[in-house]
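Chemist:
Numbering (the working numbering), first residue to last: 17 to 240.
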């Protein structure tokens with residue numbers, strides 16, 4: 017399990033929680049039903065994930081109405097997104113699956129991986145508390161949110177305005193970063209003809225650039 021812990025950037029105090037999170041009911045059944053499997057953890061992880069995502073979107077999109085927030089949260093915690101997150105940490109390779117599931121492609125099946133990802137969130141939550149689970153989740157959610165088409169593309173909007181004046185040069189510069197490798201915060205400046213017109217922070221460089229562009233638009237009097 018040490019290899020997997022290195023991949024996810026978290027070391028468990030209680031290894032049994034990790035083992036349970038990675039154990040599918042098919043494997044437990046083959047072992048005579050004596051092993052714990054991850055369905056109960058999945059139930060808890062779903063709620064923890066929802067809370068972390070809702071808080072993140074509420075704080076990072078203060079102007080977004082409730083309906084859009086709900087839609088965006090749903091897109092970030094759906095099976096398709098969770099499957100993608102699980103694949104990025106090679107979760108399927110470390111799962112305990114029954115022979116039948118293994119033979120029918122269970123290690124790549126979206127429903128199994130999505131459920132296991134939620135179980136892993138719950139395991140971290142039980143092992144170390146909400147803040148540690150939050151750090152883990154934000155490493156995925158913050159990047160996925162900036163890639164979602166529902167989020168306004170402030171950079172493109174700013175570029176369109178600048179292009180109306182020929183000869184103007186718009187550039188983005190990363191001027192700082194902080195935090196651990198799995199949960200960094202980046203600080204970016206957007207400059208027009210070398211003059212700073214906006215700054216922004218984010219858990220990815222793309223997100224920080226978007227926030228800098230948003231501030232620039234706001235200072236220009238553009239409603240965003």
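Don't be surprised by glycine CBs; every beta carbon is placed ideally from N, CA and C.
#1: Work out the CA separation of residue 122 and residue 229 for me, nearest whole Å.
#2: With a threshold of 16 other CB atoms inside 10 Å of the CB of residue 115, please say whether the residue is buried or exposed.
#3: Can at least three beta-carbon pairs, one atom from the segment 47-55 and one from the segment 76-90, be found at a separation below 8 Å?
#4: Residue 222 to residue 237, Cα distance in whole Å?
#5: Below 8 Å, can you find three or more Cβ-Cβ pairs linking the segment 124-141 to the segment 184-203?
#6: Does DSSP put residue 38 in a helix, in a strand, or in coil?
#7: Is residue 208 closer than 8 Å to residue 184 when the C-beta atoms are compared?
#8: Name the DSSP beta bridge partners of residue 184, please?
#9: Going by the beta-carbon positions, is the gap between residue 143 and residue 29 smaller than 8 Å?
#10: Taking only three categories from DSSP, how would you classify residue 178?
#11: Quick check on residue 112: buried or exposed, where buried means 16 or more other Cβ atoms within 10 Å of its Cβ?
#12: If you measure between the beta carbons of residue 173 and residue 98, is that distance less than 8 Å?
#13: Within the continuous beta strand (DSSP E) that includes residue 207, where are the two ends?
#14: Alpha carbons only, please: which of 67, 41, 58 and 21 is nearest the one belonging to residue 147?
#15: Can you tell me where the beta strand (DSSP E) holding residue 61 begins and where it ends?
#16: How would you write the range of the alpha helix (DSSP H) that residue 118 sits in, first residue to last?
#17: Tell me whether residue 215 sits in a helix, a strand or coil according to DSSP, three-state version.
#18: Using CA atoms only, rank isn't needed, just tell me which of 73, 31 and 203 is closest to residue 87.
Modeler: So, from the data block:
#1: Distance between the alpha carbons of residue 229 and residue 122: 43 Å.
#2: It counts as exposed.
#3: Contact between the segment 47-55 and the segment 76-90 is absent, with fewer than three C-beta pairs closer than 8 Å.
#4: One C-alpha to the other measures close to 23 Å.
#5: With the cut-off at 8 Å, the segment 124-141 and the segment 184-203 do not touch.
#6: Reduced to three states, the DSSP call for residue 38 is coil.
#7: If you check the CB distance, residue 184 and residue 208 come in under 8 Å.
#8: Paired residue(s): none; residue 184 is not in a bridge.
#9: It is a contact, given that the beta carbons lie within the stated cut-off.
#10: Residue 178: helix per DSSP, three-state reduction.
#11: Buried, by the Cβ-count rule.
#12: In this structure, residue 173 sits away from residue 98, with a CB-CB distance that is not shorter than 8 Å.
#13: Run containing residue 207: 201-208, per the beta strand (DSSP E) assignment.
#14: Check the Cα spacing between residue 147 and each of 67, 41, 58 and 21: the tightest is with 67.
#15: That residue, residue 61, is in no beta strand (DSSP E); its alpha helix (DSSP H) goes 55-76.
#16: It spans 115-119 - the alpha helix (DSSP H) in which residue 118 sits, taken as one unbroken run.
#17: Correct three-state label for residue 215: strand.
#18: Ranking the options by Cα distance to residue 87, first place goes to 73.
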